[in-house]
Amino acid sequence: MADVIVKKSKIHGKGVFASRNFKKGEIVVKWDISRQLTKEEVDKLSENEKRYVAYMAGKYILMQPPARYVNHSCDANTYADNFCDIANRDIKKGEEITGDYAEEDIPGQSFECKCGSKNCRRIIKTDS
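What follows is the structure, encoded as structure tokens:
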């Protein structure tokens, strides 16, 4: 059985959900980094496709399922490290897996946030 499943999200479109409990510090989603892009390739992508690009360790990654469906939250329950989403607190079975896009998106990007968190920052700007 997979540790996570993709299904409809209340945050946005599809989301990733825990199919078991996770402890703080556990790897929740390991990224498939087989689709690495150059900056030039990223620049040629449509705005919609750019939504699925992460930037980590100097690499542009076109995210693949299920990681591409981890939605943003200003009160994220995971953080990105070493091409993985890692639980920053205990996560219960059925809970949506979220990350903070400000930490992993393409540098210089920004978007309006509608995560619904009481800590919502409204506008998310990535490091430039």
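Read in order, the letters of the sequence shown correspond to residues 1 to 128 in the numbering used here. Think of the CB as a built atom: it goes at the ideal place given N, C-alpha and C, for glycine as much as any other residue. Just so we're clear, the structure is a prediction, and the values are computed from it rather than from any experiment.
Note that the C-beta distance between ALA2 and LYS93 is not below 7 Å. In this structure, DSSP gives GLU103 a helical state, which the three-state scheme calls helix. Between VAL29 and CYS113, the beta carbon gap of about 21 Å keeps them out of contact (Cβ cut-off 8 Å).
The residue from LEU45, TYR69 and LEU37 with its alpha-carbon nearest to that of SER9 is TYR69. Pairing LYS118 with THR98, the inter-Cα distance amounts to about 15 Å.
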